[in-house]
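With the numbering used here applied, the sequence shown corresponds to residues 1 to 410, in that order. A virtual CB, placed ideally from N, CA and C, is assigned to each residue, including glycine.
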Amino acid sequence: MDVRIKPSTLSGSITAIPSKSDAHRLLIASLLSDESTEIYLPSSSVDIDTTVMCIKALGAEVTKNGDTLLIKKGSSVNGVTLDCSESGSTFRFMVPVASVLCDKVSFVGHGRLPDRPIKELLDALRKNGADFSSDRLPFTKIGKLTSGIFELPGNVSSQYITGLLFALPLLDGDSEIRLTTKLESSAYIDITLWALKRFGIEIKKDGSSFFIKGNQKYISPKELKVDGDWSNASYFLASGATVEGLDINSPQGDKKILDVFEKMGAEINRDSGISVDTSKLSGCEIDISEIPDTFPTLAVMATRAEGVTRFVGGARLRIKESDRIETTAKLLGALGGTVHIYDDGMDVVGGVLHGGEVDGAGDHRIVMAAAIAGTFATGDVIIHGAEAVSKSYPSFFEDFEKLGGKYHVI
1 MDVRIKPSTL
11 SGSITAIPSK
21 SDAHRLLIAS
31 LLSDESTEIY
41 LPSSSVDIDT
51 TVMCIKALGA
61 EVTKNGDTLL
71 IKKGSSVNGV
81 TLDCSESGST
91 FRFMVPVASV
101 LCDKVSFVGH
111 GRLPDRPIKE
121 LLDALRKNGA
131 DFSSDRLPFT
141 KIGKLTSGIF
151 ELPGNVSSQY
161 ITGLLFALPL
171 LDGDSEIRLT
181 TKLESSAYID
191 ITLWALKRFG
201 IEIKKDGSSF
211 FIKGNQKYIS
221 PKELKVDGDW
231 SNASYFLASG
241 ATVEGLDINS
251 PQGDKKILDV
261 FEKMGAEINR
271 DSGISVDTSK
281 LSGCEIDISE
291 IPDTFPTLAV
301 MATRAEGVTR
311 FVGGARLRIK
321 ESDRIETTAK
331 LLGALGGTVH
341 IYDDGMDVVG
351 GVLHGGEVDG
361 AGDHRIVMAA
371 AIAGTFATGD
381 VIIHGAEAVS
391 KSYPSFFEDF
401 EKLGGKYHVI
């Protein structure tokens, strides 16, 4: 699907959609729980639906009733195939979890998922009883995972650690996760620990290690509500609209985008919902190692800042749904922006964006960032492959239009 964005001013308010990060974790914890759990989830996405399909394949009974999902643990299964589609979170969370639940389980994926990192996690699992037919998708796991020491880098994917944190409490003995490099995107681990705590699972963190007692039980809290999504709210916060339903005390790391905007000179209003006045921005240095998903949004807004904005700490952006350093640079370049890219970041020079054509690159975050760029560009912006928003925010263009955005499908 190709869309044409016309210059416009966004205003008014919307309610934040449910957090994809929180939903993944609550669904998996519900699969592992002793009793049924009702999760309030008023909207979904392709990635969330992928996790639902996987927990169903692993024996969960999932019943939808209006805006809620009822998750009930079903019979144990073996020899199933889990289709993780293009969801990196689903894939990396499910590999350790399914390695505990099944003696044999196969994994498949699509798009860029087979090319995204997984070997470090598989190697850690191999050292503790599991075996895998390949280091990339598709592959089959055989063998019984046992408790022990799991060594992993902390700067490749925090999702490795989350998957183990869900799985290891179920094993007979105690385990330890040791990080061999500095942990990045630590807030995603905070989201995991908060989800586990709500299900009665205890994890002890000491420096770069996590200590997990075995034989723990997931205890259902009965009813839960998925947190509002800070990552997907970032596009409309950048545009000046008001977003309601965001918890300022959420463990989600992307709430730090407010700190970044303030550093750039924006004014934050928290009186009724949250809104950001980005009319006067100044270039500065921004470390995105803890908030990589906000990079396309911030890079677009950096074109409105006076001077140069330097983004650093973004090496992992190259292994997302697209190489987001390259695709963000192409986005801005197609609209007349000036950028200089590095291995782990980019300089964005403030200036006027013009109309042009942007390749969505199969990446939901590139498409949404391009749409926001289109609101203040001097001419129309055409986005190719705009359907990619369904991965995390299927109703993005509906909300965009509700706030005054002008678009139509070509």
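The C-alpha of valine 46 is placed about 31 Å away from the C-alpha of arginine 270. Burial state of histidine 364 is buried, judged by a 10 Å Cβ sphere holding 16 or more other Cβ atoms. For proline 114, the CB contacts under 6 Å within the same chain, skipping 5 residues up- and downstream, are Arg136 and Leu137 in chain order. Distances from the CA of proline 221 to each of Tyr40, Ala373, Ala329 and Ser8 were compared; the closest alpha carbon is that of Tyr40. In this structure, Gly228 is the residue among Phe107, Gly228 and Gly351 with its C-alpha nearest to the C-alpha of alanine 23. Membership of tyrosine 407 in the beta strand (DSSP E) is indicated by the continuous run 406-409. Counting only runs of at least 4 residues, the region 260-320 fully encloses the following alpha helix (DSSP H) elements, listed from N- to C-terminal order: 295-302. Under DSSP, leucine 224 takes part in a beta bridge, and its partners are Ile39.
Look at the beta carbons and you see the region 196-210 not touching the region 225-243: under three pairs across the two are nearer than 8 Å. Annotation: glutamate 202 is outside any alpha helix (DSSP H) and is labelled neither H nor E by DSSP. Secondary structure of serine 21 (DSSP, three-state): helix. Taking a C-beta distance under 7 Å as the contact criterion, glycine 350 and glutamate 306 qualify as a contact pair. Counting of Cβ neighbours within 10 angstroms places serine 133 among the exposed residues, the total staying below 16. Sequence-distant partners of cysteine 284 (beyond 5 residues in either direction) whose C-beta falls short of 7 Å from its own C-beta, in its chain, are Lys263, Met264 and Thr309. In the structure shown, serine 33 falls within a strand segment according to DSSP collapsed to helix, strand and coil. A check of alpha carbon separations from glycine 214 across Tyr407, Val80, Ser272 and Leu165 identifies Leu165 as the nearest.
Histidine 340: member of the beta strand (DSSP E) spanning 338-342, first to last residue.
In the same chain as serine 106, and ignoring 5 residues on each side of it, the C-beta atoms closer than 6 Å to its own belong to Thr81 and Thr140, in chain order. Under the DSSP assignment, histidine 364 falls in the alpha helix (DSSP H) whose first and last residues are 364-376. Straight across, the Cα-Cα distance linking valine 226 with valine 276 is about 24 Å. Contact between aspartate 259 and serine 231 does not hold, since their C-beta atoms are separated by about 15 Å, which reaches or exceeds 8 Å.
Contact between glutamate 86 and lysine 72 is absent: CB atoms are separated by about 27 Å, not below the 8 Å threshold. DSSP places arginine 92 in the uninterrupted alpha helix (DSSP H) bounded by 88-101. Here serine 282 has Met264, Gly265, Ala305, Glu306 and Gly307 as same chain residues with Cβ atoms under 8 Å from its own Cβ, once five neighbours each way along the sequence are excluded. Bounds of the beta strand (DSSP E) holding valine 62 are 61-65.
Bounds of the beta strand (DSSP E) holding serine 13 are 13-15.
Distance from the CA atom of valine 100 to the CA atom of valine 52, rounded to whole angstroms, is 18 Å. Closest in C-alpha terms to alanine 195, from the list Phe400, Ile257, Thr37 and Glu387, comes Thr37. Taking 7 Å as the cut-off, the Cβ atoms of isoleucine 149 and proline 169 do not count as close. Put simply, the backbone Cα of valine 108 is about 20 Å away from that of arginine 25.
With contacts defined as CB atoms closer than 7 Å, asparagine 128 and lysine 104 fail to qualify as a contacting pair.
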